[in-house]
Amino acid sequence: MQPTPKTEQELLERAQSLAGLTLGELADAAGMITPPDLRRDKGWVGQLLEWHLGATAGSKPVPDFAELGIELKTIPIGYNGKPLETTFVCVAPLIGLQGVSWENSHIRHKLARVLWMPVEGERDIPLGDRHVGSPLLWSPSPEEEQQLRRDWEELMDMIVLGQVEQITARHGEVLQLRPKAANGRVLTEAYGANGQPIKTQPRGFYLKTPFTASLLERYFVI
DNA sequence: AGCTGATCATAA
DNA sequence: TTATGATCAGCT
C-alpha cells in the first residue's frame, strides 16, 4: 500500500494524479490481478483505489483516512456522465436507538467529508480499460444536509415505531433504506410493531443517484 | 431503461 | 455477526 497522506491537500493531489489512468494500469502497479468482471468482486475497485491512496481503515469502523476524517467513495459513472448506481453509506441501526439524533448519527459523520472518485462503470467496458476520473472532495451543503436529515429522521422514526419491514426503497427523497447483507437469510434484531424484538434483514442507508449526480455536477459547474 | 430488492467477497 | 468494499439482475 502507498504511504498514508498526511494532509488533505496531499490526499487530493494523490487522487488527482490517478485521474485518466485505467484500472488495469492501477492494478499492475499494485500487483493485483484484474478480475474478469465485478460479479464476484464487487468491492474490488474500491479496494484498488484504497491501496493507491494509502487508506488506513481496512474493515474497521473508522473513516478511510482516520487522521484526516475523510471517507473514500468510488462511484461508477455511465456514458451520460451520471452515476450508474446508488451509493452505500452505512448499516442502519435498528435497535438501541435511545438518544440517537441526526447530530450524533453514524451516517452524518460518515458523510461529513467524502473523497469521491468517479470511475467509468459501463459493463460493456472491460474492467481493466475503465478510466478513473477527477476526484472531488465534498462536504454536504446546508441544503444537502437538510435533505439528508429529513430523510434520515423519517426512516428512523419508522424504525423506532417497529415499522422497519414496511420501509421500501421508495421512502426518502435522497436517502433510501435497502437490504444490506450476504443474502436474504441473514437476520438481525429490530423492533416489532408492539415494541417486541423481531428478526429482520439488516438494512443499509444508500444515497440515491440523482443526489450524487447533483453533487458531482455542483462541483463541475463551479 | 431504471429501480428495487438481493447478493458477493473478505476481515476481525 | 458485524463491519468493510459495493454491484448484480429481475421486475416493472
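Sequential numbering of the first sequence, starting at -7, is according to my numbering.
Positions of the beta carbon are idealized from the N, C-alpha and C atoms, including for glycine.
Counting only runs of 3 or more residues that sit fully inside the stretch 123 to 155, the beta strand (DSSP E) segments are 128 to 130, in chain order.
A direct Cα-to-Cα measurement between Glu114 and Thr192 gives close to 33 Å. In terms of Cβ geometry, Val106 and Ile69 do not form a close pair [threshold 9 Å]. Here DSSP, grouped into helix, strand and coil, assigns Gly91 to coil. In the structure shown, Glu112 adopts extended strand secondary structure according to DSSP, grouped into three states. The DSSP assignment places complete alpha helix (DSSP H) segments of no fewer than 4 residues inside the stretch 15 to 60 at 15 to 22 and 36 to 45, in order along the chain. Remark: C-beta atoms of Phe197 and Leu153 do not approach each other more closely than 9 Å.
Residue nearest to Phe212 within the set Pro171, Leu147 and Leu128 is Leu128 (criterion: CA-CA distance). About 5 Å separates the beta carbons of Ser126 and Ala11, which is inside the 8 Å limit, making them a contact pair. Inter-residue distance for Gln39 and Pro202 is about 25 Å (C-alpha atoms, whole angstroms). For Arg170, the enclosing beta strand (DSSP E) has its first and last residue at Leu167 to Pro171. Put simply, the stretch 137 to 151 does not touch the stretch 26 to 46. Fewer than three CB pairs are less than 8 Å apart.
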